[in-house]
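Trainee: Numbering (my numbering), first residue to last: 273 to 391. Backbone N, C-alpha and C define an ideal beta-carbon position, used for all residues, glycine too.
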Ligand code: AMP
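Shown next, in the form of structure tokens:
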């Protein structure tokens, strides 16, 4: 018996242009868009277009090259939208504030409040 296909995640639907988002950068495998509920002057979500990995631990083990690509896109976003300095947050697990189980990084930049973290 074949397992039923998983529902696409919200971020896969954004990558497929099924849900609108303010896209700021894109490569073949990675997409970056403004977070709908920003926690910093610049708050961008950077995520693989495919949702095979739930969190950064799975991504690092399964496809470290894709993780490196994601970090490179984050750096480009911080160069483009801020002064190049940024905080990169991967909420990992529900108790750490992860709500979307499709690995993604929060790029936070601009004038950050002391101690502010997304999630
Ligand atoms: P996390 O809580 O770490 O899983 O992060 C999920 C993030 O996705 C949150 O910061 C949400 O505000 C953001 N988010 C959820 N839906 C959308 C959407 N449609 N467009 C942009 N950002 C979204």
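What is the residue span of the beta strand (DSSP E) that residue 360 lies within?
Mentor: 359-361
Trainee: Comparing the CB of residue 381 with every heavy atom of ligand 1, is any distance shorter than 6 angstroms?
Mentor: no
Trainee: Name the residue from 361, 312, 367 whose alpha carbon lies nearest to the alpha carbon of residue 354.
Mentor: 312
Trainee: Return the residue from the list 289, 299, 315, 382 that minimises the CA-CA distance to residue 362.
Mentor: 315
Trainee: Suppose you measure from the CA of residue 303 to the CA of residue 318; what does that come to, to the nearest Å?
Mentor: 6 angstroms
Trainee: Given 8 angstroms as the limit, is there contact between the region 319-327 and the region 367-377, that is, 3 or more CB pairs closer than that?
Mentor: yes
Trainee: Measure from the C-beta of residue 302 to each C-beta in chain C and report whether the shortest distance is under 7 angstroms.
Mentor: Chain labels in this structure do not include chain C; a single protein chain is all it has.
Trainee: Using 10 angstroms around the beta-carbon of residue 286, count the other beta-carbons present and answer buried if the total reaches 16, otherwise exposed.
Mentor: buried
Trainee: For residue 357 and residue 381, which I take to be in contact (beta-carbon distance under 8 angstroms), what is that distance rounded to the nearest angstrom?
Mentor: 6 angstroms
Trainee: Using the DSSP secondary-structure output, state which residues sit across from residue 298 in a beta bridge.
Mentor: 303
Trainee: Just to check my reading of the structure: residue 296 and residue 305 have Cβ atoms closer than 8 angstroms, yes? What is that Cβ distance to the nearest angstrom?
Mentor: 6 angstroms
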